[in-house]
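Inspection log for the structure reproduced underneath, given as structure tokens.
Residue numbers (this note's numbering): 548 to 768.
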């Protein structure tokens with residue numbers, strides 16, 4: 548269980564764009580530090596319990612390393628280099644940490660898996676988490692461990708590449724952040740989510756011979 552000091556360390560230790568505004572940094576940091584250190588309960592309310600304000604605060608404190616949102620993705624077989632799944636991964640803040648949930652579909656559109664993280668850690672643009680997965684939310688059939696590297700190293704994060712570090716998967720996956728205009732809506736149906744993932748596939752498939760030869764920790768554009 549994270550304490551208020553843990554939350555303070557995670558969300559205030561590195562605020563890149565505030566370095567250009569020292570007066571703003573000096574005024575904001577002490578206020579937030581005092582509020583977070585009043586109690587764990589207050590810290591959790593401030594960071595995660597106030598609609599609109601809490602997400603805005605997390606975005607501000609995370610700066611360019613903000614990764615919450617939707618990430619359409621494709622899962623690739625390491626050996627055959629073929630498309631295994633379309634997927635949509637969601638990163639959100641829950642119970643004092645980043646929480647990952649998502650779904651995978653086979654190339655023919657059949658829903659295959661639902662997954663979610665049990666414990667997650669994010670630092671230096673690397674998200675590490677233990678997960679459970681299964682055909683639905685109530686019957687997990689496997690547990691494993693995943694690492695996702697986020698890119699680019701400078702500027703707003705837009706891409707991710709990850710791999711499953713367990714006994715059953717020999718897969719890697721590539722994801723792109725889903726951006727929304729003011730008229731756009733969240734992809735709610737399976738067809739809409741698969742369409743978003745297929746766009747990632749169209750962007751990446753011609754580059755697979757190159758990017759599958761390199762480390763998953765290297766940007767793939």
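Just so it is clear, CB atoms sit at the ideal spot from N, CA and C, and this is done for glycine as well. Since the model is a prediction, treat every value here as computed from it, not as a measurement.
Problem - beta strand (DSSP E) segment containing residue 746, residue limits - result: Not the beta strand (DSSP E): residue 746 falls in the alpha helix (DSSP H), residues 737 to 751.
Practice task
Measure the alpha-carbon distance for residue 597 versus residue 628 and round it to whole angstroms.
Solution key: Taking the CA atoms as reference points, residue 597 sits about 44 angstroms from residue 628.
Exercise for the section: Out of 691, 620, 752, point me to the one whose CA is closest to residue 637's CA. Expected result: Taking only the C-alpha atoms, the option nearest residue 637 is 620.
Problem - residue 682 CB to nearest heavy atom of the ligand ATP below 7 angstroms - result: In the structure shown, the ligand ATP is absent, as is every other ligand, since no ligand is present at all.
Problem - Buried versus exposed call for residue 685 [16 or more other C-beta atoms within 10 Å across all chains shown] - result: Result: exposed.
Exercise for the section: Could you give the DSSP three-state label for residue 756: helix, strand or coil? Expected result: In the displayed model, residue 756 falls within a helix according to three-state DSSP.
Exercise for the section: In angstroms with no decimal places, state the Cα-to-Cα distance between residue 607 and residue 704. Expected result: Taking C-alpha positions only, residue 607 is separated from residue 704 by approximately 14 angstroms.
Handout entry: Cβ pair residue 764, residue 635 closer than 8 angstroms
Key = For residue 764 and residue 635, no; Cβs fall outside 8 angstroms.
Practice task
Apply the 10 Å Cβ neighbour rule to residue 680 and answer buried if 16 or more other Cβ atoms are within range, or exposed otherwise.
Solution key: Burial state of residue 680 is buried, judged by a 10 Å Cβ sphere holding 16 or more other Cβ atoms.
Handout entry: CA-to-CA distance, residue 677 to residue 762, given in whole angstroms
Key = Within the model, the alpha-carbon separation for residue 762 versus residue 677 is close to 21 angstroms.
Practice task
Figure out for me which residue from 709, 671, 753, 728 has the closest Cα to the Cα of residue 701.
Solution key: Relative to residue 701, the option among 709, 671, 753, 728 whose CA is nearest is 671.
Handout entry: Nearest to residue 653 (by Cα), restricted to the options 759, 735, 661
Key = Relative to residue 653, the option among 759, 735, 661 whose CA is nearest is 661.
Handout entry: Rounded straight-line distance, which links the Cα of residue 610 to that of residue 599
Key = Approximately 17 angstroms between the Cα atoms of the pair.
Exercise for the section: Taking residue 606 as part of the alpha helix (DSSP H), name the residues at either end of that continuous run. Expected result: Its alpha helix (DSSP H) spans residues 600 to 609.
Practice task
For residue 595, I'd like the list of residues in its chain whose CB is within less than 6 angstroms of its CB, leaving aside the five on either flank, ordered along the chain.
Solution key: Cβ within range, chain order: 601, 640.
Exercise for the section: Give the single residue among 757, 755, 656 whose Cα lies nearest to the Cα of residue 738. Expected result: Of 757, 755, 656, the residue nearest in Cα terms is 656.
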